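Q:
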């Protein structure tokens, strides 16, 4: 049996499973951001004509899934496994989406790292012959997330500068063995890290420790340096979390500097008042599909480390005085010219 | 590359990954049930001396994980992957447990099917060399679940006869390649099925359709009949859901009858007033570890199909008038003499 491991936390995918296609659907605010033109669908109404934001989120994820399946010239019945999740209690967006798709479904929860959880497992399932094609998807919605985690948006609560803006968006990819590019070569599964921080309006700082740890572990496991990657793209630390991650890595003698980019910072520009940047499981999922995958496919980036970061708290754990444990998972993705 | 599939939804694990050990921790009520003597640890206090039921649940899961790791003569650092989850919002029991264990962690959510989600993926990761040893764990707690899904237990709300009693318990297994028994030979990933039912006090009926569908699919994919299994053990349909499942399978010309057993019915006896039976992610996880795995190891059962069933609703989706989508996943487990 082939050994698909290197170091203590990293999987190697010897068959180079392919990111065959991606699709993204976002809300109106996201469509006005710096990469707004790149998303496949920009909705002009965050409710998508539905009766609730929750239904809107499920519909957005479903549209992304339907679109990406069509792009690979498949029917849902050709997809052997759907790995997905969202930020909502009991993953209702992903569950309702999976009901409509009728593809064998495993629900994942890693907060904003969910898409990378799906990629890490999905690449393994394709690479080892458990599935010919795996659908990976994640979503988030500003209004569903705010009322669940913080305050209903109707309250118009003042948001502190450390806060991030939960993205209304969904992204979905199909992984298969078609042999093209981009290809996933490694996956690093993170450990849960808790720095004792407790502020639900600052997710970036506690997630930074998890991001730094997983980036460090990935480089250590693979014997690579940051220079082996055109970019290390996190999702989503925001500006504060990004700065803390760079500083933490510097203390471990790893210099990333401008090479560390963040999906949350690509999604919005300063004048959009998103404060520390975008966040939510749909943020890095949509940025991957709309922005990073095309860059990799056309050689604008040759190799990236894509790092999903998640804050694993709940309103209940916060109200009970618990700190915020965080996790980060990474996949190495190679594009044209790598 | 080996093809690890058969039929449309079933994985085959050619290396026969081993359930190397299991461990279970339950609350006082569960300890008084028909298999109460078999659990490794029975707590005399559902709070476990903690300040909240949520902390108690996380501690219970952690104790089960610590115990099973020790039983395989390993340290947490020898375990390459932890797959786990629970019923709580944002999986806080599993997340806090993963923080303490410091094992690379992927959070799963499949309601009461979570343990089988973990086994399906965990067996694949071990069988294909991504991990030498995978820890799979799931938990539930009566009081955390009731207040999250229905009413706080302090309300002493009247429970209808269709309701199930969420088990206070946790189970954890280590899957490795030690080559012993019990061994996992197949995994069938379910599709999300929705019969349009909406009663959060009757999970058994909607889950029955998912259970019947996955059992049917597994038998179809593998070319097996119910007679190939000593038992098809669901977790957790309760008495009502079990009856409906038997009837649905009968309509598909599959006769299971007494061969269909349910973990929720093994956990409590009638006089314990659990109504339709036990439920919760910790129920089938603890029954697997305490009751089924020893039976398989010592030849009392030669081969079982272990079917986890989950109701994928949330209080929000219920209040918004949505029906209850359900899922079931299955693993075939072989014991001595199989």
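Residue numbers (my numbering), protein chains in the order written: chain H, 61 to 398; chain V, 61 to 398.
Just so you know, even glycine gets a beta-carbon here, dropped at the ideal spot from N, CA and C.
On a predicted model such as this, the values are computed, not experimentally measured, just so you know.
Report yes or no: do the region 158 to 167 of chain H and the region 206 to 224 of chain H share at least 3 C-beta pairs separated by less than 8 Å?
A: no
Q: Within this structure, are the beta carbons of residue 347 of chain V and residue 301 of chain V separated by less than 9 Å?
A: Locating residue 347 of chain V in the second chain gives position 287, counting from the first residue. Locating residue 301 of chain V in the second chain gives position 241, counting from the first residue. No.
Q: Whole angstroms is fine: what's the gap from residue 73 of chain H's alpha carbon to residue 250 of chain V's?
A: The residue given as residue 73 of chain H occupies position 13 in the first chain. The residue given as residue 250 of chain V occupies position 190 in the second chain. Rounded to whole angstroms, the gap between the alpha carbons of residue 73 of chain H and residue 250 of chain V is 25 Å.
Q: Would residue 190 of chain V pass as a contact of residue 358 of chain H if the rule is Cβ separation under 9 Å?
A: Residue numbering aside, residue 190 of chain V sits at position 130 when the second chain is read from its first letter. Residue numbering aside, residue 358 of chain H sits at position 298 when the first chain is read from its first letter. No, the Cβ-Cβ distance between residue 190 of chain V and residue 358 of chain H is not below 9 Å.
Q: To be precise: take each residue of the region 292 to 326 of chain V, compare its Cβ to all Cβ atoms of chain H, and keep it if any distance is under 8 Å. Which residues remain?
A: none
Q: So the alpha helix (DSSP H) residue 19 of chain H belongs to, where does it begin and stop?
A: Because chain H is modelled from 61 through 398, residue 19 of chain H falls outside the range shown and cannot be assessed.
Q: Could you check whether residue 62 of chain H and residue 144 of chain H sit closer than 9 Å to each other, using their CB atoms as the reference points?
A: Here residue 144 of chain H refers to the residue found at position 84 of the first chain. Here residue 62 of chain H refers to the residue found at position 2 of the first chain. Cβ distance not < 9 Å, so residue 144 of chain H and residue 62 of chain H don't count as in contact.
Q: Output the distance between the C-alpha atoms of residue 131 of chain V and residue 175 of chain H, rounded to the nearest integer angstrom.
A: The residue given as residue 131 of chain V occupies position 71 in the second chain. The residue given as residue 175 of chain H occupies position 115 in the first chain. Cα-Cα distance, rounded: 34 Å.
Q: For residue 236 of chain V, which of V/183, V/226, V/393, V/155 has the nearest alpha-carbon?
A: Numbered from its first residue, the second chain carries residue 236 of chain V at position 176. V/183 is the residue among V/183, V/226, V/393, V/155 whose C-alpha sits nearest the C-alpha of residue 236 of chain V.
Q: With a floor of 4 residues, list each alpha helix (DSSP H) that falls wholly inside the region 276 to 328 of chain H, ordered by position along the chain.
A: Along the region 276 to 328 of chain H, the alpha helix (DSSP H) occurs as fully enclosed runs of 4 or more residues at 298 to 311, 323 to 327, listed in sequence order.
Q: Only counting runs of 3 or more residues, tell me where the beta strand (DSSP E) segments fall wholly within the region 159 to 191 of chain V, in order along the chain.
A: For the region 159 to 191 of chain V, the continuous beta strand (DSSP E) assignments of 3+ residues that do not extend past its boundaries occur at 165 to 167, in sequence order.
Q: Whose C-beta lies closer than 6 Å to the C-beta of residue 85 of chain H among residues of the same chain, with five residues either side of it excluded?
A: For this step, residue 85 of chain H is matched to residue 25 along the first chain. Closer than 6 Å at the Cβ level, and outside the excluded window around residue 85 of chain H, lie 101, 120, 123, 124, 230.
Q: Quick check on residue 242 of chain H: buried or exposed, where buried means 16 or more other Cβ atoms within 10 Å of its Cβ?
A: By one-based count along the first chain, residue 242 of chain H stands at place 182. Around the beta carbon of residue 242 of chain H, 16 or more other beta carbons lie within 10 angstroms, which makes this residue buried.
Q: Relative to the C-alpha of residue 159 of chain V, which residue among H/372, H/389, H/115 is closest?
A: Counting from 1 along the second chain, the entry for residue 159 of chain V is found at position 99. Comparing Cα positions, the closest option is H/372.
Q: By the 7 Å beta-carbon criterion, what residues does the region 178 to 189 of chain V contribute toward chain H?
A: 181, 184, 185, 188, 189
Q: Where residue 291 of chain V and residue 314 of chain V are concerned, what is the direct C-alpha to C-alpha distance, given to the nearest angstrom?
A: Numbered from 1 along the second chain, position 231 holds the residue referred to as residue 291 of chain V. Numbered from 1 along the second chain, position 254 holds the residue referred to as residue 314 of chain V. When only Cα atoms are considered, residue 291 of chain V and residue 314 of chain V end up about 14 Å apart.
Q: Let me know if residue 146 of chain V comes out buried or exposed under the rule of 16 or more other beta-carbons within 10 Å of its beta-carbon.
A: Sequence index remark: in the second chain, residue 146 of chain V carries index 86 (1-based). With 16 or more Cβ atoms within 10 Å of its Cβ, residue 146 of chain V is classed as buried.
Q: Thinking C-alpha only, which one of H/97, H/366, H/257, H/361 is nearest residue 385 of chain H?
A: Looking up residue 385 of chain H in the first chain gives position 325. Per the Cα distances, H/257.
Q: Could you say if the region 328 to 335 of chain H and the region 361 to 370 of chain H meet the contact criterion of at least three C-beta pairs nearer than 8 Å?
A: Contact fails: fewer than three Cβ-Cβ distances are below 8 Å.
Q: Please specify which runs of the alpha helix (DSSP H), each continuous and at least 4 residues long, are wholly inside the region 344 to 386 of chain V, giving them in chain order.
A: 353 to 357, 375 to 379
Q: Compare the Cα-Cα distances from residue 414 of chain H to each of H/278, H/318, H/388, H/126 and report the closest residue.
A: No statement about residue 414 of chain H is possible, as the shown extent of chain H runs from 61 to 398 and does not include it.
Q: Looking at the unbroken alpha helix (DSSP H) that takes in residue 202 of chain V, where does it start and where does it end?
A: On the second chain, position 142 is the one that residue 202 of chain V refers to. Counting along the chain, the alpha helix (DSSP H) containing residue 202 of chain V begins and ends at 202 to 209.
Q: Please compile the residues from chain H whose C-beta is within a distance smaller than 8 Å of the C-beta of residue 112 of chain V.
A: Your numbering for residue 112 of chain V matches position 52 in the second chain. Correct list: 380.
Q: Whose Cβ in chain H lies nearer than 8 Å to the Cβ of residue 64 of chain V?
A: Position 4 of the second chain, counting from 1, holds the residue named residue 64 of chain V. 188, 189, 190, listed in chain order.
Q: Along chain H, which residues have their Cβ under 9 Å away from the Cβ of residue 76 of chain V?
A: Sequence index remark: in the second chain, residue 76 of chain V carries index 16 (1-based). Neighbours of residue 76 of chain V on chain H: none; closest Cβ ~12 Å, over 9 Å.
Q: Counting only Cβ pairs nearer than 8 Å, list the residues of chain V close to residue 212 of chain H.
A: Locating residue 212 of chain H in the first chain gives position 152, where the first residue counts as 1. Those within 8 Å of residue 212 of chain H in chain V number zero; the least Cβ separation is about 12 Å.
Q: So the alpha helix (DSSP H) residue 145 of chain V belongs to, where does it begin and stop?
A: Residue mapping note: residue 145 of chain V aligns to position 85 of the second chain, counting from 1. Per DSSP, residue 145 of chain V belongs to no alpha helix (DSSP H); it is in the beta strand (DSSP E), 141 to 146.
Q: Starting from residue 158 of chain H, find everything on chain V with Cβ-Cβ shorter than 7 Å and list it in chain order.
A: As a position in the first chain, residue 158 of chain H is number 98, starting the count at 1. Close to residue 158 of chain H, with beta-carbon spacing below 7 Å, are these residues of chain V in chain order: 252.
Q: Is the distance from the Cβ of residue 112 of chain H to the Cβ of residue 156 of chain V below 9 Å?
A: The residue labelled residue 112 of chain H in the question sits at position 52 within the first chain. The residue labelled residue 156 of chain V in the question sits at position 96 within the second chain. It is not a contact, given that the beta carbons lie outside the stated cut-off.
Q: Please state if the CB of residue 232 of chain V and the CB of residue 127 of chain V are separated by a distance shorter than 9 Å.
A: In the second chain, the residue the question calls residue 127 of chain V occupies position 67. In the second chain, the residue the question calls residue 232 of chain V occupies position 172. Less than 9 Å divides the Cβ of residue 127 of chain V from the Cβ of residue 232 of chain V.
Q: Indicate the three-state DSSP secondary structure (helix, strand or coil) for residue 229 of chain H in the structure shown.
A: For the purposes of this step, residue 229 of chain H is taken as the residue at position 169 of the first chain. Strand.
Q: Identify the continuous beta strand (DSSP E) that holds residue 247 of chain V and give its terminal residues.
A: Position 187 of the second chain, counted from the start, is the residue given in the question as residue 247 of chain V. Counting along the chain, the beta strand (DSSP E) containing residue 247 of chain V begins and ends at 243 to 248.
Q: I'd like to know if residue 215 of chain V contacts chain H, where contact means its C-beta is closer than 9 Å to some C-beta of that chain.
A: On the second chain, residue 215 of chain V is found 155 positions in, with the first residue counted as 1. It does not; no Cβ of chain H falls within 9 Å.
Q: Determine whether the Cβ of residue 145 of chain V lies closer than 9 Å to any Cβ atom of chain H.
A: Locating residue 145 of chain V in the second chain gives position 85, counting from the first residue. Yes, because at least one Cβ of chain H sits closer than 9 Å to the Cβ of residue 145 of chain V.
Q: Give, in chain order, every residue of the region 229 to 249 of chain V whose Cβ lies closer than 9 Å to some Cβ of chain H.
A: Of all residues in the region 229 to 249 of chain V, 237, 247, 248, 249 have a Cβ within less than 9 Å of some Cβ in chain H.
Q: Interface residues of chain V around residue 148 of chain H at Cβ under 8 Å?
A: Counting from one through the first chain, the residue named residue 148 of chain H turns up at place 88. Chain V residues near residue 148 of chain H: 374, 376.
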